[in-house]
Amino acid sequence: MVIGICGGGQMGSGIAFVALQAGCKVLMYDVVEGFATRCTQYLEQQCEKAVKKKLMKPASVGKLMDNITFVPSIQGLKESEIVIEAIIEDKKAKQELFAALESVLDSTTIIASNTSSISITSLARELQFPERFVGMHFFNPVPMMKLIEVIQGVKTSPAAVETIITLTTKLGKTPAVTKDVPGFIVNRVARSYYLESMRLVEEQAVSIEQVDKLMKSMGFKMGPFELVDLIGVDTNYAVTLSVWEQYYHEPRFAPAMLQKQYVDAGLLGRKTGEGFYPYPEKL
Ligand code: NAD
1 MVIGICGGGQ MGSGIAFVAL QAGCKVLMYD VVEGFATRCT QYLEQQCEKA
51 VKKKLMKPAS VGKLMDNITF VPSIQGLKES EIVIEAIIED KKAKQELFAA
101 LESVLDSTTI IASNTSSISI TSLARELQFP ERFVGMHFFN PVPMMKLIEV
151 IQGVKTSPAA VETIITLTTK LGKTPAVTKD VPGFIVNRVA RSYYLESMRL
201 VEEQAVSIEQ VDKLMKSMGF KMGPFELVDL IGVDTNYAVT LSVWEQYYHE
251 PRFAPAMLQK QYVDAGLLGR KTGEGFYPYP EKL
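According to my numbering, the sequence shown is numbered sequentially starting from 1.
And the structure:
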């Protein structure tokens, strides 16, 4: 199976890795210069880890790397059987990309969006063939996280949902089908985890480090601030804004000024070398 991926950031690269591991061919497209080098490094690191854990034979690494092609334009995605979009969490940017994809792909090729929060129905609004458009929401880090939310927009066909469920299983993941509600399931529930923690820090009730330590002592794998640093402080902020707007500015989903300041300062988490915590190895 040939999978096209738009956006070779942390999610796109992770999706590429699990698709390659499942034996798919991957065509990857991004707009940023040097994305192929960045993605290749990521894939090599993941292979190394998998070999160390004996999940992959050293001899399979070369074959896996041979199955990815970095394409310089959207036209290069033409042969894809399914295209997965994982570009920035911005509705306009995604809609422009989907319009461009429709001019290249066959009318039946499934287009799946990895959006964390934007309405699948609204993303499909201007499409010529909205029935082939569906949400496929992976979790971070993609190689580790088993869950994928499969989101059915108002015009998504049952066949498109079935195709994504089948792909999810092929990737060794577990599908959870959901209707198209703001934040879907996990990101709606998780808003409280992030936002209440940020409000506590804004009220000077507790420090960032203390919140994370306490939540981990309660059994959470990561504290909220560590998790936002992993996700990307900007990406997480964009998701909060999107959910808040879709719920008509409901106060419980309102973004925290604390987080906006980190975004404004370019302290975006692990990917920039500093967020709520420093990551000197990335600097
Ligand atoms: P990222 O910033 O790491 O990567 C985004 C990539 O998209 C960048 O490489 C950028 O150059 C590229 N891009 C931007 N505009 C483009 C365009 N028009 N065409 C092609 N490429 C373009 O972001 P990410 O964390 O990988 O998130 C990507 C998507 O996945 C977002 O919609 C996000 O909400 C969603 N998501 C993120 C997480 C997470 O934990 N980070 C989890 C689930 C879903």
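Each residue gets a CB set at the ideal place from its N, CA and C atoms; glycine is no exception.
The stretch 7-18 contacting the stretch 27-40, beta-carbon criterion three pairs below 8 Å: yes
Alpha carbon of residue 82 to alpha carbon of residue 89, nearest angstrom: 20 Å
What does a CB cutoff of less than 8 Å around residue 64 pick up in its chain, not counting 5 residues either side in sequence? 20, 21, 43, 47, 56
Opposing strand residues paired with residue 133 [DSSP bridges]: 111
Under the assumption that residue 200 contacts residue 211 (Cβ atoms under 8 Å), give the Cβ distance between them as a whole number of angstroms. 6 Å
Does the beta carbon of residue 235 fall short of 7 Å from some heavy atom of ligand 1? yes
Look at the alpha carbon of residue 168 and the alpha carbon of residue 261, and state the distance between them as a whole number of angstroms. 37 Å
Taking the alpha-carbon of residue 274 as reference, which of 250, 62, 12, 231 has the nearest alpha-carbon? 231
Cα-Cα separation between residue 142 and residue 129, rounded to whole angstroms: 29 Å
Going by beta-carbon coordinates alone, are residue 173 and residue 148 separated by less than 8 Å? yes
Inspect the CB distances between the stretch 232-240 and the stretch 248-263 and report whether three or more fall short of 8 Å. yes
Only counting runs of 3 or more residues, tell me where the beta strand (DSSP E) segments fall wholly within the stretch 162-189, in order along the chain. 174-179
Would you mind listing the beta strand (DSSP E) stretches within the stretch 61-89 that are 3+ residues and don't spill past its ends, in chain order? 68-70, 82-85
What is the DSSP secondary structure of residue 47, reduced to helix, strand or coil? helix
Would the stretch 266-273 count as touching the stretch 120-134 if we require 3 or more Cβ pairs under 8 Å? no
For residue 274, report the span of its alpha helix (DSSP H) as first-last. That residue, residue 274, is in no alpha helix (DSSP H); it is neither H nor E in DSSP.
DSSP three-state assignment for residue 196, whether helix, strand or coil: helix
Quick one: residues in its chain with C-beta nearer than 8 Å to the C-beta of residue 77, no 5 flanking neighbours on either side, listed in chain order? 4, 6, 27, 29, 71, 83, 101, 104, 105
I want to check one thing, is the minimum distance from the CB of residue 271 to the heavy atoms of ligand 1 below 7 Å? yes
Taking 7 Å as the line, does the beta carbon of residue 67 fall inside it for any heavy atom of ligand 3? Here the bound small molecules are ligand 1; ligand 3 is not part of this structure.
I want to check one thing, is the minimum distance from the CB of residue 207 to the heavy atoms of ligand 1 below 7 Å? no
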